[in-house]
Amino acid sequence: MKFIFAAVVLALSVPSMASVKCQPDYIKGVQIKANGEVVYTTASGVRRGVGKFQNNPGVQFMVQTLFLAVEKRLHVQVAYPDGFNCDAENTQAAAEWVYIQNAGG
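At position 54 of the sequence shown (counting the first as 1) the number is 1479 in our numbering, and the numbers step up by one without a gap.
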């Protein structure tokens, strides 16, 4: 439950600006690279970046949220800067926020 709370807090704490919200989807996997980059793969096979893990509490909370979504099979919606293409692989863009939701409601 604290992970869901963290996701909501992250979503509400981002300054309002133009963002691209990708459609909710299941997450197949989360990859953390040696350099601290975090990448996730959607159920539809699109790979997207989250940000750098080291010394970034926001990304750390997002990673915990993604792990919870994989474990519990929850839908994930992620927002990126204006102009981001949700249908194309992009592991370099940093996520602005992560939102998880129960697929049934």
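Each residue gets a CB set at the ideal place from its N, CA and C atoms; glycine is no exception.
All values derive from a computational prediction rather than experimental measurement.
Top-ranked residue by Cα proximity to residue i, from the options
i	options	result
V1475	I1452, D1507, A1520	A1520
A1518	D1507, N1481, T1490, Y1524	D1507
E1462	I1452, S1444, Q1485	Q1485
L1544	S1444, A1443, V1445, P1449	Outside the displayed span of the chain (1426 to 1530) sits residue 1544, for which this structure offers no information.
Beta strand (DSSP E) segment containing residue i, residue limits
i	result
V1471	Note, V1471: premise wrong, no beta strand (DSSP E); not H, not E.
Cut-off 7 Å between Cβ atoms - residues of its own chain near residue i, not counting five sequence neighbours on either side
i	result
G1470	none
L1437	The predicted position of L1437 is uncertain, since its pLDDT is 49 and thus under 50; a value taken from the coordinates is nonetheless stated next. Within the same chain, L1437 has no close Cβ partners at all.
K1477	G1461, E1462, V1484
Span separating the alpha-carbon of residue i from that of residue j
i	j	result
L1505	L1493	The residue you asked about is not Leu; residue 1505 is Tyr in the sequence shown. One C-alpha to the other measures close to 20 Å.
E1514	N1481	23 Å
Q1479	T1466	20 Å
V1495	V1455	8 Å
A1443	A1459	31 Å
One or two residues paired with residue i in a DSSP bridge
i	result
V1464	Q1456, G1474
A1504	K1446, W1522
N1515	R1473
Residues near residue i by beta carbon distance below 6 Å, same chain, minus five either side
i	result
T1516	V1464, R1472, G1474
H1500	P1449, Q1526, A1528
Y1451	A1468
C1447	V1503, C1511
Delimiting residues of the alpha helix (DSSP H) encompassing residue i
i	result
F1492	1482-1497
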